[in-house]
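Asks:
Numbering (full-length UniProt numbering), first residue to last: 1 to 263.
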């Protein structure tokens, strides 16, 4: 079977599996730029039978008053700060309370994680020496993170892709699951179903190429890695990230009865 035939057959099998699935609620996707995409996270969610309800509050899209019609929500990153005074930043940060109140699955990525931290009363800050994490950096699990990995069956990657110059403290009442270098808090969990990740598991190779060209100046900041290091790192470090994300989304989007069995 040639490559084209293999891809056609793979898509046919995927469509067959999706057609056999019972109807699933959509997942709310919050993006911050006109041409942003949910990347690999969006693709993997769609493969699980969920439609993507994509909204951009920055451009006037409303956020739902309840999560009863959604299976979960993901707030992605962006060039703005969670500390910015813009109305949409405050609206998104406040809206996270809807997910927390209803115990709905929530995932914040980079800016989305910082919004979660801010909502819970933690500080979002720039590095005192102006350093940034842009490229691939080590990730270390805390004791809480190791316990979560055991309970959920998610094998966390040891090196992840970063693109940020701000970090956040772990909010009171939340758990720090993973730590890093210049920005120590890398992953948090609030309750059972709300997660914030400082890193970017959604990034595809195409997204990495686009970011590292359009945001070239970020790769020159103190602590950042040059563009060729990003591309070299993709082939070395991405497979464990991809495998972890696949299992993590299974865990995040489990039905409520299944979630009850995981502390």
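We put the beta carbon where it would ideally sit given N, CA and C, even for glycine. No experiment lies behind these values; they were computed from the predicted model shown.
Do you know how far the Cα of residue 145 is from the Cα of residue 92?
Replies: Looking at the two C-alpha atoms, the distance is approximately 27 Å.
Asks: Residue 39: which of 208, 128, 159 sits nearest, CA to CA?
Replies: The shortest Cα separation from residue 39 among 208, 128, 159 belongs to 208.
Asks: Among the residues of its own chain, which have a CB less than 8 Å from the CB of residue 55, if the five just before and after it don't count?
Replies: These residues qualify, in order along the chain: 28, 29, 30, 31, 61, 62, 63.
Asks: Quick check: what's the CA-CA separation for residue 200 versus residue 134?
Replies: Distance between the alpha carbons of residue 200 and residue 134 is about 10 Å.
Asks: Mapping the DSSP letters down to three states, classify residue 236 as helix, strand or coil.
Replies: Of the three classes helix, strand and coil, the one that applies to residue 236 here is helix, per DSSP.
Asks: Below 6 Å CB to CB, which residues in the same chain sit around residue 257 once its five sequence neighbours on both sides are set aside?
Replies: Below a pLDDT of 50, predicted positions are generally treated as unreliable, and residue 257, at 43, falls in that range; the measurement from the model is reported next regardless. Nothing meets the Cβ criterion.
Asks: In the DSSP output, which residue or residues are listed as bridge partners for residue 126?
Replies: Paired residues: 166.
Asks: Thinking just about the alpha-carbon of each residue, which of 202, 219, 238, 250 is nearest to the one in residue 42?
Replies: Residue 42 has its Cα closest to that of 202, out of 202, 219, 238, 250.
Asks: How is residue 149 classed by DSSP in three states: helix, strand or coil?
Replies: The answer is helix: DSSP assigns residue 149 an H, G or I state.
Asks: Check whether the Cβ atoms of residue 147 and residue 171 sit closer than 9 Å, and answer yes or no.
Replies: Result no, Cβ atoms of residue 147 and residue 171 do not sit closer than 9 Å.
Asks: Residues in its own chain within less than 6 Å of residue 259 by CB, not counting five upstream and five downstream?
Replies: In this prediction, residue 259 scores a pLDDT of 46, lower than 50, which makes its location untrustworthy; no coordinate-derived value is stated.
Asks: Evaluate the contact criterion for the region 148-158 versus the region 112-126: three or more CB pairs, one atom per stretch, below 8 Å.
Replies: No, because fewer than three Cβ pairs between the region 148-158 and the region 112-126 fall closer than 8 Å, the two stretches do not touch.
Asks: Which value, in whole angstroms, describes the spacing of the CA atoms of residue 97 and residue 163?
Replies: Roughly 26 Å between the two C-alpha positions.
Asks: Quick one: measure Cβ to Cβ for residue 165 and residue 132, integer angstroms, because I've assumed they're closer than 8 Å.
Replies: Confirmed, Cβ separation roughly 4 Å.
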